[in-house]
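*Asks:* Here it is: the structure, laid out below.
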Amino acid sequence: MSIEEVGQGAPGEPILRVDGVVKRFGSRTIINGISFDVEPGQVVVIVGPSGTGKSTFLRCVNGLEDIQGGSIVFDGEPVNAHSRKVVALRQRIGMIFQNFNLYPHLTAAENVTLAPIKVLRERPAAARERAMELFRKVRLEHRASAYPSEMSGGEQQRVAIARALAMNPSLMMFDEPTSALDPETVGDVLTVMEELADDRRTMLVVTHEMAFADHVGDRMLFMDGGLIIEDGPPDELLRNPQQERTRQFVTSVLNPDSARARRQAQADTANGASSEVDSR
Ligand SMILES: Nc1ncnc2c1ncn2[C@@H]1O[C@H](COP(=O)(O)OP(=O)(O)O)[C@@H](O)[C@H]1O
Ligand SMILES: [Mg+2]
C-alpha cells in the first residue's frame, strides 16, 4: 500500500463527529459540551489557553478518557473508552505528543516498525522497507539506525510522525508537537506537517504556532473554559475575531510581550501600584 492510500471513511461522512461532549474529573467539569465535525482531508487546528482541556479532549477522542456526556463518532463508530473495540480504534488514530514518547531502547527504524510487525503482522522486511519510505518522507533517511538519545528533539518528533504514519491512520492528532523543541528544529517538524496536509491527511492539531495554523489549517477552534468560543477559518479568527476572549488570546500569543505588559498594567491599576516593573 502506498503511504498516500489511507482509509478516509465513507464518502460524504465526517471522519470525526463530536457532539455535545462533556468531560469531568470528579466534580470538576473540564469540557462542557463541545461539538464539531472533521471532514476527511481537513486540517482542524485547536488553540486556547493552557489548562482549557485541549489535551484531555484529544485523549477522549482516542478513548484514553471516558466522557460523561455527548458522543464522539470516529469513522462511523461511537468511541467508548470502556469497549474492547477501543484498541482497534486507537490503531487508526495516529497520536503525536509534545514529548515524542519514542521507545528509548529502540532505534528510529525499530520504533517505526514495531507496531506494524506486532500489531498489523507485517513481514519484517516489508515493514522495514516501508519505514525507509517514511523516513524519506520526514527527511530522516540518514538517521534510521540512531537511538532517540542521539537525536535532536526535532528529529525525534519526525520519527514519532513516521511511527504514526506506519499504521496508516485515518486521523492524525498532534498535541503541541513543537512546544518542547529547540527553536531551530521547530521549522523541520512544521514543514513535515505541512506536507502531510498537502497529501490531504486528516489532522487535528493543538498548537500555539499561529503562523502555521493560519497557513495550514482549514479551520480553527478557539477553546476556553471547556467550550469552543469561536470556530471558523484561521484567517477570520486571527484577523477579525468576533469574541473578546478570542481577541485577547490571539493578541497574547502573537505578541506575548505586549500582553504581559498589559496584564501587568491592569494588575498595577488594580493594586493601586505605580512603578513596579515586571522583571520576567
Ligand atoms: N487525569 C486527570 N485528573 C484530574 N484532572 C485532570 C486530569 N488530566 C487533566 N486534568 C485537569 O484538566 C484540566 C485541563 O487539562 P489539559 O487537558 O491538560 O489542558 P490543556 O491541554 O488545554 O492545557 C487541567 O485543569 C488539568 O489539571
Ligand atoms: Mg495540553
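Numbered according to our numbering, the sequence shown spans residues 41 to 320.
C-beta atoms are modelled at their ideal positions from N, C-alpha and C, and glycine is treated no differently.
1) For a test of your reading of the model: does the CB of T286 fall under 8 Å from any non-hydrogen atom of ligand 1? Yes or no.
2) Please report how far the alpha carbon of D271 lies from the alpha carbon of V85, in whole angstroms.
3) Got a sec? Which residues, its chain only, sit under 7 Å from P54 by beta carbon, not counting five neighbours each side?
4) Please return the same chain residues whose Cβ sits closer than 8 Å to the Cβ of A206, not counting the five positions on each side in sequence.
5) Which residue marks the beginning of the alpha helix (DSSP H) containing I157, and which one marks its end?
6) For R130 and L142, I'd like the C-alpha separation in whole angstroms.
7) What does a CB cutoff of less than 6 Å around R259 pick up in its chain, not counting 5 residues either side in sequence?
8) Exposed or buried, what is F65 when buried is set at 16 or more other beta-carbons lying within 10 Å of its beta-carbon?
9) Does the distance from the C-beta atom of D238 to that of D254 stay below 9 Å?
10) Below 8 Å, can you find three or more Cβ-Cβ pairs linking the region 69-76 to the region 262-270?
11) Please work out which residues of its chain come closer than 7 Å, Cβ to Cβ, to Q7, disregarding the five sequence neighbours upstream and downstream, and give them in chain order.
12) Does D228 pass the burial test, meaning 16 or more other C-beta atoms within 10 Å, or should it be called exposed?
13) Using only the heavy atoms of ligand 2, determine whether one of them is closer than 8 Å to the beta carbon of V87.
14) If you pair each beta-carbon of the region 185-203 with each one of the region 121-141, do three or more pairs fall below 8 Å?
15) Would the region 213-220 and the region 240-254 be scored as touching if the rule is three or more Cβ pairs under 8 Å?
16) Report the option in T231, E162, L160, G193 whose CA atom is closest to the CA atom of K177.
17) Express the C-alpha separation of R57 and E150 in angstroms, rounding to a whole number.
*Replies:* In terms of the structure at hand:
1) no
2) Straight-line spacing of the CA atoms in D271 and V85 works out to 10 Å.
3) D77, V78, E79
4) V152, T153, A155, P156, A167, R170, A171, L174
5) 148-158
6) Distance between the alpha carbons of R130 and L142 is about 17 Å.
7) V84
8) exposed
9) Contact: no.
10) yes
11) Examination of residue 7 is not possible in this model, given that the chain is present from 41 through 320 alone.
12) Buried, since its Cβ has 16 or more Cβ neighbours within 10 Å.
13) no
14) yes
15) yes
16) T231
17) Cα-Cα distance, rounded: 34 Å.
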